[in-house]
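Just so you know, the sequence shown maps onto residues 11 to 277 in the numbering used here.
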Amino acid sequence: MDVLTLEFLASAIGSVLSAIVIITIGFVIGGWLAGRIQSIGGRNRHLDATLFTFLGNIVRYVVIGFAFLFVLNTFGVQTTSVVAVIGAAGLAIGLALQGTLSNVAAGVMIIFFRPIKLGDFVTINGQSGTVKAINLNFIEMASVGNYQIIIPNSEVWGNTIVNFSVYPQRRAEWTFGVAYGADLDVAHRAIIDTIMADPRSLTEPEPFIQVNGLNASSVDFLVRVWVNRVDFFQYQADMKRRVKDALDAAGVEIPFPTQTMIVTDPD
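Next comes the structure, spelled out in C-alpha cells:
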C-alpha cells in the first residue's frame, strides 16, 4: 500500500512538474514569437508598428492556449469537451458584451486597413488631435491644447475620418478684401509677390489668385498656394500679417463695413 501511494505521489508530482514546464515553455515561446513579430514593424519605418503588435499578441495567446490544451490532454481531460464549453461561454459573453465586441471588431479593421496611424493629425466625429495610441477598444488622441481625447473604435470606423497627415503638401487659402476704389492690379501684385517671396511657398502646383467676390464694401481676392504639410499652420498665419503690411505699404485701402446715417429735421 505504501509503495502504491509513493508511486501515485511520484506520478502526480511528475505530471504537475511536466504541466508547469509545458506552460512555461508555452509562455516563453509565445513571448519570443510575439517579440520577433513586433520587431519587424519596429525595424522598418514604412510598416505600421501597431499592426505587428496586434499580430504578435495574437500569436502569443494562440501558443499559450495550445500549451494549456496539451497540459489538459496529459491529465486525461477530453479537450473537445473543454473547447465546447469555452465556445458556449464565449457565445454568452459575446451576447452580454455586444458593445465592447463591436469596438474590438472595429479596432481590428482599423489596425488592418490603417486609415489612421500613430502620429497622424486627424478629425474624427468632430474631435481633432494627434493620434497617440490605437488599441482594440479605443483610440487615444492629444488635442491641439494637449488634453486627452478617447474615442471608441466603433465611432472611429463608423464615421468620416479627416486625416491631415497623409499627403506631403497642403493648399493654403486666404480671402483678402480691398476697397472698391483701390487699383486692383497693384493689389494683385502686392498680394502674390508677398506670398511667393516666402521660401515656404511652392511654385508647383501653380499658385492661384483671382477676384472672387464683390461684396457690399470690398472686392475680394481668393488666393490659393501650396505648401509643405509641416509648414502649413504657421505659414497660413504668417501670410495674413505680411499681406496686410504689403497692402498698407502699396497704399491699397482695406475696407471695413460702414453705415451712413441720415438725420432729417422734422421741421
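Ideal Cβ positions, reconstructed from N, Cα and C, are used throughout, including at glycine.
Burial state of residue i (16 or more Cβ within 10 Å)
| i | result |
| --- | --- |
| I164 | Reading off the sequence shown, one finds Ser at residue 164, where the question assumed Ile. Buried, because 16 or more other Cβ atoms sit within 10 Å of the Cβ of S164. |
| G139 | buried |
| F279 | As displayed, the chain neither begins before 11 nor continues past 277, which places residue 279 out of reach and without an answer. |
| S228 | buried |
| M11 | Note that M11 has pLDDT 45, beneath the 50 cutoff, so the model's placement of it is unreliable and no number is given. |
| A116 | buried |
| V31 | exposed |
| V221 | exposed |
| V132 | buried |
| V156 | It should be pointed out that residue 156 corresponds to Asn in this sequence rather than to Val. With fewer than 16 other Cβ atoms within 10 Å, it is exposed. |
| F231 | buried |
| I126 | buried |
| V26 | exposed |
| V154 | exposed |
| V72 | exposed |
| V81 | buried |
| W42 | exposed |
Close Cβ partners of residue i (< 8 Å) along its chain, the five nearest in sequence each way excluded
| i | result |
| --- | --- |
| F76 | G36 |
| R239 | F174, S175, Y177, P178, Q179, R180 |
Where residue i sits in the DSSP three-state scheme
| i | result |
| --- | --- |
| T185 | strand |
| E165 | helix |
| V262 | coil |
| F78 | helix |
| N156 | coil |
| I272 | coil |
Which residues DSSP lists as bridging residue i, in chain order
| i | result |
| --- | --- |
| R180 | V237 |
| S138 | T133 |
| S290 | There is simply no residue 290 to check, as the chain begins at 11 and stops at 277 in what is shown. |
| A115 | According to DSSP, which records beta bridges pairwise, A115 is partnered with nothing at all. |
| A143 | E150 |
| S28 | According to DSSP, which records beta bridges pairwise, S28 is partnered with nothing at all. |
| V172 | T133 |
Contacts around residue i, its chain only, beta-carbon distance under 6 Å, and the 5 residues preceding and following it disregarded
| i | result |
| --- | --- |
| D130 | V141, N173, S175 |
| M249 | I205 |
| T63 | Q48 |
| K254 | none |
| A189 | E263, P265 |
| V235 | A182, I205, S211, P217 |
Beta-carbon contacts of residue i that lie in its chain and below 7 Å, excluding the five residues immediately before and after
| i | result |
| --- | --- |
| A200 | A256, L257, A260, V262 |
| A143 | I149, E150 |
| A44 | G66, N67, V69, R70 |
| I74 | G36, F37, G40 |
| I10 | Outside the displayed range of the chain (11 to 277) lies residue 10, so it cannot be described from this structure. |
| G223 | D230 |
Can you list, in chain order, the stretches of the beta strand (DSSP E) that have 3 or more residues and sit fully within the stretch 215-257?
218-224, 229-238
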